[in-house]
Amino acid sequence: MQRDQIRNLISILDLSVDEINGLIDVANDIDQHPERYQEACRHKQLATLFFEPSTRTRLSFESAMLSLGGSVLGFSSANSSSAAKGESVSDTVRTVGNYADIIAMRHPKEGAPMIASQHTVVPIINAGDGGHFHPTQTLTDLLTISRKKGRLSDMTIGLCGDLKFGRTVHSLIEATLRYPNIRYILISPEELRVPEYMIDELKEAGADFEEVTDLEAAMPQLDILYMTRIQKERFFNEEDYLRLKDTYILTPDKLKNAKSDLSILHPLPRVNEISVKVDEDPRACYFYQTLCGKQIRMALILFLLGIHPEEQA
Amino acid sequence: MNIDGVTTGIVLDHIQAGKSMEIYEYLGLDKLQSCVAVIQNVRSAKYGKKDIIKIDELIDLNLDVLGYFDPNITVNYIKDGKLLEKKHLALPDRLTDVLHCKNPRCITSCEQEIPHVFELVDREKKIYRCIYCDTQVRV
Numbered sequence: 000m001q002r003d004q005i006r007n008l009i010s011i012l013d014l015s016v017d018e019i020n021g022l023i024d025v026a027n028d029i030d031q032h033p034e035r036y037q038e039a040c041r042h043k044q045l046a047t048l049f050f051e052p053s054t055r056t057r058l059s060f061e062s063a064m065l066s067l068g069g070s071v072l073g074f075s076s077a078n079s080s081s082a083a084k085g086e087s088v089s090d091t092v093r094t095v096g097n098y099a100d101i102i103a104m105r106h107p108k109e110g111a112p113m114i115a116s117q118h119t120v121v122p123i124i125n126a127g128d129g130g131h132f133h134p135t136q137t138l139t140d141l142l143t144i145s146r147k148k149g150r151l152s153d154m155t156i157g158l159c160g161d162l163k164f165g166r167t168v169h170s171l172i173e174a175t176l177r178y179p180n181i182r183y184i185l186i187s188p189e190e191l192r193v194p195e196y197m198i199d200e201l202k203e204a205g206a207d208f209e210e211v212t213d214l215e216a217a218m219p220q221l222d223i224l225y226m227t228r229i230q231k232e233r234f235f236n237e238e239d240y241l242r243l244k245d246t247y248i249l250t251p252d253k254l255k256n257a258k259s260d261l262s263i264l265h266p267l268p269r270v271n272e273i274s275v276k277v278d279e280d281p282r283a284c285y286f287y288q289t290l291c292g293k294q295i296r297m298a299l300i301l302f303l304l305g306i307h308p309e310e311q312a
Numbered sequence: 000m001n002i003d004g005v006t007t008g009i010v011l012d013h014i015q016a017g018k019s020m021e022i023y024e025y026l027g028l029d030k031l032q033s034c035v036a037v038i039q040n041v042r043s044a045k046y047g048k049k050d051i052i053k054i055d056e057l058i059d060l061n062l063d064v065l066g067y068f069d070p071n072i073t074v075n076y077i078k079d080g081k082l083l084e085k086k087h088l089a090l091p092d093r094l095t096d097v098l099h100c101k102n103p104r105c106i107t108s109c110e111q112e113i114p115h116v117f118e119l120v121d122r123e124k125k126i127y128r129c130i131y132c133d134t135q136v137r138v
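Those protein sequence lines, which keep their order, are chains A and B. Using numbering that gives the first Met the number 0, read the first sequence as starting at 0 and increasing by one per residue. Using numbering that gives the first Met the number 0, read the second sequence as starting at 0 and increasing by one per residue.
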């Protein structure tokens with residue numbers, strides 16, 4: 000197959016709204032009829048190339064492929080690959096492309112999955128590149144929101160925490176900008192505001208948004224609260240990290256003025272930004288998100304491999 | 000001040016005053032065997048002052064790079080004393096290995112062989128964006 004015929008997922012914008020809605024439909028069908036999909040990827044192999052640590056993303060990809068009847072190979076840190084010897088991303092994927100049918104890659108450097116997609120003829124899935132994009136987390140978030148709210152339009156989304164380096168935030172904004180009547184409240188310390196290019200995108204799209212620093216003041220307006228971790232690994236200066244890490248800690252007390260049907264999402268892992276006391280609140284959806292993450296990745300793998308088991312059902 | 004006209008060669012006109020030496024160096028004109036004249040602070044009705052570079056030879060010029068340095072430059076190709084072609088430049092849509100991405104998290108910061116590619120996202124504000132990490136640069 001020619002490289003230009005291959006579909007990759009580098010940015011969430013590589014998928015049209017119709018394609019995203021289609022993936023959500025397949026994920027819902029997988030939820031209802033998992034038996035229809037258990038042999039869908041028989042004899043297919045997924046390579047998970049994780050140059051940076053991960054629990055949920057890597058395991059959910061592997062679990063997704065195994066639940067589709069396929070198999071998995073890969074590595075879970077740069078130190079256990081030839082990257083430790085200085086091998087380039089392009090050489091690594093040229094090699095792995097001969098062993099696997101599809102590759103999920105996480106890399107600390109922004110743009111690495113794009114480089115990978117230019118050097119292999121198997122589909123590349125960006126499983127997170129630095130502080131840049133994390134499109135499969137966005138698909139996870141969209142599936143969670145769609146299941147909890149029954150829609151992906153007409154709502155106020157509060158994004159809170161590290162909006163500068165938080166790649167899940169950037170991807171979620173880009174994705175939801177394409178749905179009608181979404182209002183954004185961007186809650187962050189001054190130092191961790193969303194980057195200028197994202198503000199430009201919000202303005203260009205004519206989106207209704209505001210940047211604030213006070214979480215509690217914004218709370219009553221929110222339909223979705225998307226909490227994020229202040230990420231230690233994105234700081235070059237530990238002092239800055241220590242100063243900012245406890246800026247927002249969500250507690251039951253802070254939820255007093257929240258809507259009764261608020262949905263609280265978090266891409267996880269959390270450190271202390273959501274108190275464990277919030278876990279029992281029915282509005283907490285972040286562990287449910289992890290189930291959605293597996294099912295939407297199953298749908299994505301099928302889509303990128305061009306497999307349509309639901310049509311045979 | 001008298002400088003001979005070009006019979007066969009290239010005249011880069013309307014260079015922003017003070018930028019000609021930068022362009023001279025970037026284009027590697029010092030390596031040419033033919034005559035090259037860099038004329039600075041020439042009076043200009045349109046710009047007040049301008050620079051001009053005259054090259055006494057028809058050579059391949061990277062017009063994208065020239066357009067990036069100064070989109071107002073006019074390139075005149077001359078053969079046998081006659082104007083063969085006049086080109087007006089603009090900021091190029093794509094720049095390869097002209098701008099360098101300064102984002103330390105960009106893949107280009109650790110893999111040396113990857114070309115630094117920027118795409119123009121706002122012609123009016125002269126903003127380019129790294130195709131790998133989306134870092135924006137105002138030129």
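C-beta: ideal position from N, C-alpha, C; glycine also.
Can a CB atom of chain B be found closer than 7 Å to the CB of Ala83 (chain A)?
Judged by the 7 Å Cβ criterion, Ala83 (chain A) is not in contact with chain B.
Counting only Cβ-Cβ distances shorter than 8 Å, please list the residues of the region 104-118 of chain B near chain A, keeping chain order.
Those residues of the region 104-118 of chain B that come within reach of chain A (Cβ to Cβ, closer than 8 Å) are Arg104, Cys105, Ile106, Thr107, Ser108, Cys109, Glu110, Glu112 and Ile113.
Length of the line joining the Cα atoms of Ser145 (chain A) and Ile23 (chain A)
If you take the alpha carbons of Ser145 (chain A) and Ile23 (chain A), they lie about 8 Å apart.
Could you tell me the distance, in whole angstroms, from the CA atom of Lys84 (chain A) to the CA atom of Gly110 (chain A)?
So the alpha carbons of these two residues sit roughly 20 Å apart.
At the 7 Å Cβ level, is Lys108 (chain A) part of the contact set with chain B, yes or no?
Closer than 7 Å: yes.
Chain B beta carbons: is any one of them nearer than 7 Å to that of His42 (chain A)?
Chain B, which has no Cβ nearer than 7 Å to the Cβ of His42 (chain A), makes this no.
Three-way DSSP call (helix, strand, coil) for Lys185 (chain A) in this model
A quick correction: the sequence has Leu, not Lys, at residue 185 (chain A). Leu185 (chain A) sits in a strand when the DSSP states are folded into three classes.
Proximity test, Cβ basis, 7 Å: Asp133 (chain B) and chain A:
Closer than 7 Å: yes.
Which of the three DSSP states, helix, strand or coil, is assigned to Ile124 (chain A)?
If DSSP states are grouped into helix, strand and coil, Ile124 (chain A) belongs with the strands.
Excluding sequence positions up to five away, which residues of its chain have a Cβ less than 6 Å from the Cβ of His115 (chain B)?
Cβ neighbours of His115 (chain B) beyond the five flanking positions: Asp96, His99, Cys100 and Thr107.
If you check the beta carbons only, do Arg128 (chain B) and Gly129 (chain A) fall under 7 Å apart?
Contact flag unset, no.
Restricting to Cα atoms, I'd like to know which of A:Gly160, A:Asp140, A:Cys159 and A:Ala39 is closest to Leu151 (chain A).
With distances taken between Cα atoms, Leu151 (chain A) lies closest to A:Asp140.
C-alpha distance - Ala63 (chain A) paired with Ala115 (chain A), whole-angstrom precision
Taking the straight line joining both Cα atoms gives about 22 Å.
Less than 7 Å between the C-beta atoms of Val41 (chain B) and Ile51 (chain B), yes or no?
Contact flag set, yes.
Taking Cβ-Cβ distances shorter than 8 Å, what residues in chain A pair up with Cys40 (chain B)?
The residue you asked about is not Cys; residue 40 (chain B) is Asn in the sequence shown. Near Asn40 (chain B) there are no residues of chain A at all, since even the closest Cβ is about 37 Å away, more than 8 Å.
Find the residues of chain A that neighbour Arg93 (chain B), judging by a C-beta separation of less than 9 Å, and give them in chain order.
For Arg93 (chain B), none of the residues of chain A pass the 9 Å Cβ criterion, the least Cβ distance being about 15 Å.
Considering only their Cβ atoms, is the gap separating Tyr196 (chain A) from Asp133 (chain B) smaller than 7 Å?
Contact: yes.
Quick test of the definition: if touching needs 3 or more C-beta pairs under 8 Å, does the region 64-79 of chain A touch the region 43-55 of chain A?
Verdict: yes, contact present.
Taking Cβ positions only, does Gly292 (chain A) come closer than 7 Å to chain B?
Judged by the 7 Å Cβ criterion, Gly292 (chain A) is not in contact with chain B.
In chain order, what are the residue ranges of uninterrupted beta strand (DSSP E) at least 3 long that sit wholly in the region 96-177 of chain A?
Runs found: 101-106, 123-128 and 154-159.
Proximity of Ile14 (chain B) and Ile72 (chain B) at Cβ, strictly below 7 Å:
Yes, the pair counts as a contact, with Cβ atoms nearer than the cut-off.
Cutoff 7 Å: His131 (chain A) Cβ touching any chain E Cβ
No chain E is part of this structure, whose protein chains are labelled A and B.
Quick check: Leu221 (chain A) and Leu185 (chain A), are their CB atoms within less than 7 Å of each other?
No, they are not a contact pair.
To which residues of the same chain is Ile124 (chain A) closer than 6 Å at the C-beta, ignoring the five residues directly before and after it?
Only residues of its own chain outside the window of five on either side were considered, and among them Leu8 and Ala103 have a CB closer than 6 Å to the CB of Ile124 (chain A), listed in chain order.
Inter-residue CB distance, Ile22 (chain B) and Leu65 (chain B) (contact presumed, cutoff 8 Å):
Ile22 (chain B) to Leu65 (chain B), Cβ: 7 Å. Contact.
Proximity test, Cβ basis, 7 Å: Tyr196 (chain A) and chain B
Yes, contact with chain B.
Close Cβ partners of Val16 (chain A) (< 6 Å) along its chain, the five nearest in sequence each way excluded
Around Val16 (chain A): Arg177.
Can you give me the C-alpha to C-alpha distance between Glu173 (chain A) and Phe132 (chain A), rounded to a whole angstrom?
Cα to Cα, the separation comes out at about 10 Å.
Beta-carbon spacing of Tyr285 (chain A), Leu267 (chain A) below 7 Å:
At a Cβ-Cβ threshold of 7 Å, Tyr285 (chain A) and Leu267 (chain A) count as neighbours.
Whole-angstrom Cβ separation of Arg170 (chain A) and Thr143 (chain A), contact assumed at under 8 Å?
In the sequence as presented, Arg is not what sits at residue 170 (chain A); that position holds Ser. Not confirmed; about 14 Å, so no contact.
Interface residues of chain A around Asn102 (chain B) at Cβ under 8 Å?
Per Cβ cutoff of 8 Å: Glu109.
Using a cut-off of 8 Å between C-beta atoms, extract the partners of Arg128 (chain B) located in chain A.
Contact annotation for Arg128 (chain B) against chain A: Tyr196 [CB-CB distance below 8 Å, chain order].
Mark Thr175 (chain A) as exposed unless 16 or more other C-beta atoms lie within 10 angstroms of its C-beta, in which case mark it buried.
Answer is buried; the Cβ neighbour count reaches 16.
Given Leu65 (chain A), which residues of its chain have a CB within under 7 Å of its CB, disregarding the five upstream and five downstream residues?
Within the same chain, Leu65 (chain A) has close Cβ partners Val71.
So, Val74 (chain B) versus Leu11 (chain B), is the Cβ gap smaller than 7 Å?
By the CB criterion at 7 Å, Val74 (chain B) and Leu11 (chain B) fall inside the cutoff.
What runs of the beta strand (DSSP E), each 3 residues or longer, lie entirely inside the region 16-92 of chain B?
As far as the region 16-92 of chain B is concerned, its whole beta strand (DSSP E) runs of at least 3 residues are 35-43, 47-54, 73-78 and 81-87.
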